[in-house]
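Peer 1: To get this note's numbering, take the position in the sequence shown, counting from 1, and add 1020.
C-beta: ideal position from N, C-alpha, C; glycine also.
Quick one: this structure, given as structure tokens, is what I'll be asking you about.
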Amino acid sequence: MIDSATQYSGVQKFYYLRTSLSGPALQLIQSIPISEENYTVAWKLLLNHYNHPKRLKHLHVEALFEDAALKKECAKNLAQRMKSTRERSNLSISGISSTTTTAKQSMRATLRSRVGRYSANLQFFILPKVTGDLPPTSIDVSRWDLPDNIFLADPHFDCTGRIDVLIGAEVFFDIMRPAGRIPLGKDQPVLVNSEFGWIVSGPAYITHRLLFKTFIN
């Protein structure tokens, strides 16, 4: 294992580590500058993320929930994996700064919770891409005091990743449970209870700068 190889410097180990990783693991550390000291930072970040007993218990759920007055949207690559019949549509969707896109297809699908009995049959409008990856870059949560006795809706919320589904206000307040908020501390997000498990919303430090963009995975 490279970490126990005493003949190499921290910089050499970091280069080796970067070239040996791919996918989400590489994304987790790729924003960390290569230096003697940062090898230890990157190594601990990987251990915290992939060798965390709590995360190993959870199933990965990829979903974005936003309480805006938006139609449900579904990315094409997800729709292609589903067997639901597609229908023609011509829905114009307006976004920030008056940007507009048109959904040419839609489909119906049932959204089900993996931790409870909640389900909803919804119509999804299909787009090439719902939004950019969230979070924009992976987040170091090694100093966050995450409770051990809760089920996170997305145990990998700190890793940047594709958003498959956007759900609007029509069902948003059915999804959110009335009780349950856990603040994580100053300049950190809060955990909010939902039918899919606890979701993360609020500010987070990304690559040594505070990101005030709010996201919920």
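In the DSSP output, which residue or residues are listed as bridge partners for I1202?
Peer 2: L1211
Peer 1: Below 8 Å on the Cβ atoms is my contact criterion, and I expect S1158 with Q1047 to pass it. Report the Cβ-Cβ distance as a whole number of Å.
Peer 2: 5 Å
Peer 1: Give the DSSP bridge partners of N1141, in chain order.
Peer 2: T1130
Peer 1: Comparing alpha-carbon positions, which option in S1162, T1120, E1215 lies nearest L1147?
Peer 2: Of the listed residues, the one whose Cα sits closest to L1147 is T1120.
Peer 1: Pick out whichever of Q1143, S1029, I1054 has its Cα sitting closest to the Cα of V1185.
Peer 2: Q1143
Peer 1: Once the 5 residues before and after S1112 are set aside, which same chain residues still bring their CB inside 7 Å of it?
Peer 2: T1120, T1122
Peer 1: State the DSSP-derived secondary structure class of R1197, mapped to helix, strand or coil.
Peer 2: strand
Peer 1: Is it buried or exposed, S1040, if we count other Cβ atoms within 10 angstroms and call 16 or more buried?
Peer 2: exposed
Peer 1: Would you kindly report the start and end of the unbroken beta strand (DSSP E) that includes I1219?
Peer 2: 1217-1221
Peer 1: Whole angstroms is fine: what's the gap from R1128's alpha carbon to F1145's?
Peer 2: 9 Å
Peer 1: Excluding the 5 residues flanking S1139 on each side, which residues of the same chain have their C-beta closer than 8 Å to its C-beta?
Peer 2: T1130, L1131, R1132, S1133
Peer 1: By alpha-carbon positions, which one of T1151, S1109, R1137, V1135 ends up nearest to G1115?
Peer 2: T1151
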